[in-house]
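Peer 1: Going down the list, the sequences are from chains A and B. For the first sequence, my numbering gives the first residue as 437, with consecutive numbering after it. For the second sequence, my numbering gives the first residue as -5, with consecutive numbering after it. Dropping a structure here in structure tokens format, bear with me for questions.
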Amino acid sequence: MNDMSKREEHWRRTKSLMFVTLTIWFIFSFVVHWFADGLNSVTFFGWPLGFYMAAQGSEIVFVLTLFWFVRAQDKIDRDCGLAEED
Amino acid sequence: MANNTGGSTFIENLPKIYGLYTGGFLVFILLMAILEQMGVSADTIGILFVAFTIVIYAGIGFLSRTMAVDAYYVAGRQVPAVFNGMATAADWMSGASFVAMAGGIYFGGHGYLAFVVGWTGGYILVASLMAPYLRKFGCYTVPDFIGTRYGGNLPRFLGVIVLAVASFTYVTAQINATGTIAARALQIPFEVGVWFGLLGILLCSMLGGMRAVTWTQVAQYIVLIIAYLVPVFWMSNKNGFGLIPQFVYGDAVQRITELESLHGLGTLPAVEGAKGGLRALTVPFVDAHTNALAAWKFVTLVACMMLGTASLPHILMRYFTTPSVRAARQSVAWSLFFIFLLYFTAPALATFTKLQILDPTLATGIIGKPIESVMALEWIQKWANVDFLQIIDGNNDGILQLNEFFMRGDIVVLATPEIAGLPYVISGLVAAGGMAAAMSTADGLLLAIANALSHDLYYKIIDPEAETKKRLLVARFLLLLIGAAGAFVASLKLTSILGAVAWAFDFACSGLFFPIVLGIWWKRANRAGAIAGMAGGFLAGTWYLYMVRWGGMDPWIGIDHLRFGMIGMPVSLILMIVVSLMTKEPDAETQAMVDEIRVPSGETVLGSSH
């Protein structure tokens, strides 16, 4: 694999990781909260679910998504030989 | 520490240094608790808390002094990911997050949670779209990236303008908060407190620039998170709400809904005569929007706060200080984690405070009790004296109804220790925490403005031949000048804290979001497009803000003055794409530069000293 195709593969995979990450982001930032009123009729460990998602649920998803994203991007960098030296 | 802050020994010893610092702070709290038992007055303890922590920050600022350009602008690019995460969290969480957020949730219920969602999710955008690429670029400031990527002085200058407007709007609110807290804790007038707060802020940043701000912000994060969490855990365990309150307050939320209908929320007539800034509870806690317009208002506020997060230069520049691109990414994740610790506690705190005030079966409950006995409570008297709460017996029945109890949102955090009957030492701790939150944000913002003016405007545009010594002198002079201007505006008390904070996000996303993102992700974006996008988005947003807030225009589909980024951003995006496509594509050199920042390995685009 030459240098150019490695770079191309790296950017292609980086872009698809970005799209996956932003899809998760979009769902938990907007879609879930749009339907908050409906979700409130569901009880989740005592919370009305719509309230829970805004107060805690989305935030937990954001934190977990970011730590996962960091690992996934690092793997892409290493697979393509474009990671920084440790 | 002074001689070693640049060396690797200091970096290796960071966990030990801040471990000792945290231990020392806990010992200080214990010492204050002992003093309280010995009969030292509450006021003295408050003064000791605020004064002691400020002296520590100033000491760190002094030890971190530097005359090197890369230490001054980017802390020598050696801040480890976890510590940069803490520094960013302190940089991020303002006086408003610390003091006003729980109160906002208390009054606004589900609708206000849009801020909690918006102020966390933006970090996903920072990590996936921006921070690692800007780190690889190797810039000192955000306009430094815009100026180099698009070429020429005009884009750089526009970047400086947007940065200065957004950050200055924000910094006055922070200096205002330091003034309020200093005034209360040290018993001095607000106008004096503002200048006292500024003095503390400048002591942290003047001598060491970004390096000094970094290490004080880590220290301030430790103080603010302890100060926020300890009272909540203590109150929860004392009153039997559960060991880890954040995970068990679901039932309390449902109980509040029952109590709200018991107390007749929404059915009682409004009682007139409350003092300015005081509110009675009128909004149900849990109920979410039931129509599309209200849902739209929720998500548009979330969107403005998130895209604003990813455009605010004082946050983005924190990721220029990490040793590598990988560390920049890790550090965004740690930032969000450290921010999350406070933000997922705020709704729990709001819930428990509300429960304690509303529930007549609890000893702390006041609604539904005789007004005479409520007025006899020490915390009611104390906060009523400073106009933070008020009781008006609207129907003259001698019983306190929900519509007769008025308070300021800030009370939820500031008075929790007293409502729950915790010792005064906890109130002193809370004051120190609020001070740390406001100071750390003000520091980051002032530095962002002063650095952009000194590096981008003075050095890059006005006098590219300037020597290092002169550059750093100019940088410090500007810091002083902008700080003084901020304190002056704050002392005029123009807007409520939160209005101004939301505007900063709207200004930033209107002018900067797309020029930064497309500069990295779209090679075709060029100079003319960036100029149109920055100027057009910023002007459209500002015009809309003016018209809705002061010009008497009705908001379009619920987009009020808090959400004017929803007007600025689309204008910015469309102008940038259309104008870029109508003009020549960037030269090969610029395109190669974009290719280079997309790859983590290799040298930064700009040299370590530029």
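Just so you know, even glycine gets a beta-carbon here, dropped at the ideal spot from N, CA and C.
Spatial neighbours of ALA481 of chain B within its chain, please: C-beta separation below 7 angstroms, excluding the five flanking residues on both sides.
Peer 2: Taking the second sequence and counting its residues from 1, one reaches residue 481 of chain B at position 487. Excluding positions up to five away in sequence, the list reads ILE169, VAL188, TRP189, LEU192.
Peer 1: Compute the minimum distance between the beta carbon of ILE5 of chain B and the heavy atoms of the ligand COA, and state whether it is under 7 angstroms.
Peer 2: The ligand content of the structure shown is nil, which means the ligand COA is not present either.
Peer 1: For chain A, check one thing: does any of its Cβ atoms lie closer than 8 angstroms to the Cβ of LEU492 of chain B?
Peer 2: The residue labelled residue 492 of chain B in the question sits at position 498 within the second sequence. Reliability of the predicted coordinates at LEU492 of chain B is poor, the pLDDT of 47 falling under 50, and the value obtained from them is presented with this limitation in mind. No, its Cβ sits nowhere closer than 8 angstroms to a Cβ of chain A.
Peer 1: Under 8 angstroms between C-beta atoms, does TYR337 of chain B make it to chain A?
Peer 2: Within the second sequence, the letter at position 343 stands for residue 337 of chain B. Yes, its Cβ sits closer than 8 angstroms to a Cβ of chain A.
Peer 1: Taking DSSP's pairing of strands, which residues face ARG518 of chain B in a bridge?
Peer 2: Within the second sequence, the letter at position 524 stands for residue 518 of chain B. Answer is none; ARG518 of chain B lacks a bridge partner.
Peer 1: Buried or exposed: GLN211 of chain B, going by 16 or more other Cβ atoms within 10 Å of its Cβ?
Peer 2: Within the second sequence, the letter at position 217 stands for residue 211 of chain B. Classification of GLN211 of chain B: buried, given that the 10 Å Cβ count is 16 or more.
Peer 1: Put ARG143 of chain B into one of helix, strand or coil per three-state DSSP.
Peer 2: Residue mapping note: residue 143 of chain B aligns to position 149 of the second sequence, counting from 1. Helix at ARG143 of chain B.
Peer 1: Suppose contacts are defined by Cβ-Cβ distances below 8 angstroms. Is GLY535 of chain B in contact with PHE501 of chain B by that definition?
Peer 2: Locating residue 535 of chain B in the second sequence gives position 541, where the first residue counts as 1. Locating residue 501 of chain B in the second sequence gives position 507, where the first residue counts as 1. Cβ distance < 8 angstroms, so GLY535 of chain B and PHE501 of chain B count as in contact.
Peer 1: Can you check whether the CB of GLY244 of chain B is closer than 8 angstroms to the CB of PHE481 of chain A?
Peer 2: Numbered from 1 along the first sequence, position 45 holds the residue referred to as residue 481 of chain A. Numbered from 1 along the second sequence, position 250 holds the residue referred to as residue 244 of chain B. Yes. Within cutoff.
Peer 1: Which chain A residues sit within Cβ distance under 9 angstroms of PRO341 of chain B?
Peer 2: The count along the second sequence starts at 1 and reaches residue 341 of chain B at position 347. Within chain A, the residues near PRO341 of chain B are PHE487, ALA490, ALA491, GLN492.
Peer 1: Going residue by residue through the segment 231 to 299 of chain B, where are the continuous alpha helix (DSSP H) segments of at least 4 residues, counting only ones entirely within it?
Peer 2: Complete alpha helix (DSSP H) runs here, min 4: 244 to 256.
Peer 1: Any C-beta of chain B sitting closer than 8 angstroms to the C-beta of MET440 of chain A?
Peer 2: Here residue 440 of chain A refers to the residue found at position 4 of the first sequence. MET440 of chain A does not count as touching chain B.
Peer 1: Run through DSSP, which three-state label would PRO484 of chain A get?
Peer 2: Your numbering for residue 484 of chain A matches position 48 in the first sequence. It is a strand residue.
Peer 1: Determine, for GLU444 of chain A, whether the minimum Cβ-Cβ distance to residues of chain B falls below 8 angstroms.
Peer 2: For the purposes of this step, residue 444 of chain A is taken as residue 8 along the first sequence, with counting starting at 1. No, GLU444 of chain A does not count as interfacial toward chain B.
Peer 1: What first and last residue would you give for the beta strand (DSSP E) that runs through MET401 of chain B?
Peer 2: Within the second sequence, the letter at position 407 stands for residue 401 of chain B. Here the beta strand (DSSP E) through MET401 of chain B covers 399 to 401.
Peer 1: Can you give the Cα-Cα distance for MET204 of chain B and TYR488 of chain A, rounded to whole angstroms?
Peer 2: For the purposes of this step, residue 204 of chain B is taken as the residue at position 210 of the second sequence. For the purposes of this step, residue 488 of chain A is taken as the residue at position 52 of the first sequence. When rounded, the distance between both Cα atoms is 38 angstroms.
Peer 1: Between the alpha carbons of THR261 of chain B and GLY116 of chain B, how many angstroms are there, rounded?
Peer 2: In the second sequence, residue 261 of chain B corresponds to position 267, counting from 1. In the second sequence, residue 116 of chain B corresponds to position 122, counting from 1. Roughly 38 angstroms between the two C-alpha positions.
Peer 1: Let me confirm a value: SER367 of chain B is counted as buried when at least 16 other C-beta atoms fall within 10 Å, else exposed. Which label applies?
Peer 2: The residue you call residue 367 of chain B lines up with position 373 of the second sequence. Flag for SER367 of chain B reads exposed.
Peer 1: Could you tell me the boundaries of the beta strand (DSSP E) in which ILE553 of chain B lies?
Peer 2: Locating residue 553 of chain B in the second sequence gives position 559, counting from the first residue. Looking at the DSSP string, ILE553 of chain B is not in any beta strand (DSSP E), and its letter there is neither H nor E.
Peer 1: Report all residues from its chain with a CB closer than 8 angstroms to the CB of ARG507 of chain A; omit the five preceding and five following residues, and keep chain order.
Peer 2: Here residue 507 of chain A corresponds to residue number 71 of the first sequence, with the count starting at 1. Nothing listed; no residue qualifies.
Peer 1: Closer than 8 angstroms is the cut-off here; do at least three beta carbon pairs connect the segment 84 to 98 of chain B with the segment 261 to 277 of chain B?
Peer 2: Touching, no.
Peer 1: Strictly by DSSP, which residues pair up with ILE385 of chain B?
Peer 2: If you number the second sequence from 1, residue 385 of chain B lands on position 391. Note: ILE385 of chain B sits in a beta bridge opposite B:PHE399.
Peer 1: Ignoring anything shorter than 3 residues, give me the beta strand (DSSP E) runs that lie fully in the segment 438 to 477 of chain A, in order along the chain.
Peer 2: Here no run is fully enclosed.
Peer 1: Taking the alpha carbon of HIS257 of chain B as the point to measure from, which residue in B:LEU352, B:MET311, B:GLY53, B:SER122 has its own alpha carbon closest?
Peer 2: Here residue 257 of chain B refers to the residue found at position 263 when the second sequence is read from its first residue. HIS257 of chain B has its Cα closest to that of B:LEU352, out of B:LEU352, B:MET311, B:GLY53, B:SER122.
Peer 1: Give me the chain A residues within the contact set of ASP457 of chain B, using Cβ-Cβ distance strictly less than 9 angstroms, ordered along the chain.
Peer 2: Your numbering for residue 457 of chain B matches position 463 in the second sequence. The premise fails here: ASP457 of chain B is roughly 35 angstroms from chain A at the closest Cβ pair, so nothing lies under 9 angstroms.
Peer 1: Which residues does DSSP pair with PRO364 of chain B in a beta bridge?
Peer 2: Along the second sequence, read from residue 1 onward, the residue named residue 364 of chain B stands at position 370. Answer by DSSP bridge pairing, in chain order: B:ILE393.
Peer 1: For VAL599 of chain B, which of helix, strand or coil comes out of DSSP?
Peer 2: Your numbering for residue 599 of chain B matches position 605 in the second sequence. Looking at VAL599 of chain B - three-state DSSP - the assignment turns out to be coil, as it is neither helix nor strand.
Peer 1: Would SER421 of chain B pass as a contact of GLY505 of chain B if the rule is Cβ separation under 8 angstroms?
Peer 2: Start at 1 with the first residue of the second sequence, and residue 421 of chain B comes out as number 427. Start at 1 with the first residue of the second sequence, and residue 505 of chain B comes out as number 511. No. Outside cutoff.
Peer 1: Check this for me: beta carbons of THR114 of chain B and PHE331 of chain B, under 8 angstroms apart or not?
Peer 2: By one-based count along the second sequence, residue 114 of chain B stands at place 120. By one-based count along the second sequence, residue 331 of chain B stands at place 337. No; because the gap between Cβ atoms is not below 8 angstroms, this pair is not in contact.
Peer 1: Taking DSSP as the reference, what is the three-state secondary structure of THR47 of chain B?
Peer 2: Within the second sequence, residue 47 of chain B is the residue found at index 53, counting from 1. In the structure shown, THR47 of chain B sits in a helix (DSSP, three-state: H, G or I).
Peer 1: Should ALA508 of chain A be flagged as near chain B, meaning a C-beta pair shorter than 8 angstroms?
Peer 2: Taking the first residue of the first sequence as position 1, residue 508 of chain A is located at position 72. Closer than 8 angstroms: no.
Peer 1: Could you tell me which chain B residues have their CB closer than 7 angstroms to the CB of ASP473 of chain A, listed as they occur along the chain?
Peer 2: In the first sequence, residue 473 of chain A corresponds to position 37, counting from 1. Those within 7 angstroms of ASP473 of chain A in chain B are ALA282, HIS283, THR284.
Peer 1: Determine the extent of the alpha helix (DSSP H) in which ILE512 of chain A is found, giving its start and end residues.
Peer 2: Residue numbering aside, residue 512 of chain A sits at position 76 when the first sequence is read from its first letter. 494 to 515 is the span of the alpha helix (DSSP H), which, as asked, contains ILE512 of chain A.
Peer 1: Under the three-state reduction of DSSP, which class applies to THR479 of chain A: helix, strand or coil?
Peer 2: As a working mapping, residue 479 of chain A is identified with position 43 in the first sequence. Reduced to three states, the DSSP call for THR479 of chain A is strand.
Peer 1: So with CB distances below 7 angstroms, who are the chain B contacts of VAL499 of chain A?
Peer 2: For the purposes of this step, residue 499 of chain A is taken as residue 63 along the first sequence, with counting starting at 1. What VAL499 of chain A touches in chain B: LEU330, PHE331, PHE334.
Peer 1: Using the beta-carbon count (16 or more within 10 Å), is GLY640 of chain B buried or exposed?
Peer 2: Residue 640 of chain B is absent from the model: chain B starts at -5 and stops at 604.
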